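Novice: Here it is, the structure, as structure tokens.
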Amino acid sequence: MALPVLVDIEGVAARGVDVSDGARARAAIVDASALIHHATSNRWVLDGALDPAMPPVVQTVAYKVIRRALANPDDLQSETARLRFDAIAAADADRDGTVTLEELALVDLTALPSTQYGRGAGVLRLRGGG
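In structure tokens:
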């Protein structure tokens, strides 16, 4: 039995994603939905349909996954991404060429100037409840 997709192509397009290659867009929708269903142990499937109690954030995550899959299928890094090495290397307080966890803990990486780091994609982990 195929699990229901979490979003539709119209919703993807409404969020500014290019869906001109309909087959590719539909494949991304199916893939993202399957990934989320798997990661959450099909928590939001009830009698073969989406559970009405599914929180909206599940669809938001699906849209983000689909956008990334269509815009960056090879998972390439941005050419304008900034390297973060300088901030971490500067944590080497004793200048022995090794940054220890203790030295790194003394550096507030959240207070770095925006010219010293990039935004990054972050990591998202999904868990089914229960």
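Quick note: to get the working numbering, add 1461 to the position in the sequence shown (first position is 1). Quick reminder that beta carbons are idealized off the backbone N, C-alpha and C, glycines included. Here the structure is a predicted model, which means the values were calculated and not measured.
1) Would you tell me roughly how many angstroms separate the C-alpha atoms of A1500 and K1525, rounded to the nearest one?
2) Can you tell me which residues form a DSSP beta bridge with D1565?
3) Near A1514, what residues of its chain come up, given a Cβ to Cβ distance below 8 Å and the 5 sequence neighbours on each side ignored?
4) Taking only three categories from DSSP, how would you classify L1496?
5) If we count the other Cβ atoms within 10 Å of its Cβ and call it buried at 16 or more, is S1494 buried or exposed?
Specialist: Judging by the given coordinates:
1) Locating residue 1500 in the sequence shown gives position 39, counting from the first residue. Locating residue 1525 in the sequence shown gives position 64, counting from the first residue. The straight-line gap from Cα to Cα measures roughly 15 Å.
2) Here residue 1565 corresponds to residue number 104 of the sequence shown, with the count starting at 1. Going by the sequence as given, residue 1565 is Leu instead of Asp. The bridge partners DSSP lists for L1565 come to none.
3) Mapped onto the sequence shown, residue 1514 falls at position 53. Taken in chain order, the residues that qualify are W1505.
4) Counting from one through the sequence shown, the residue named residue 1496 turns up at place 35. Here L1496 sits in helix by DSSP.
5) Translated into positions along the sequence shown, residue 1494 becomes position 33. When all chains shown are included, S1494 counts as buried.
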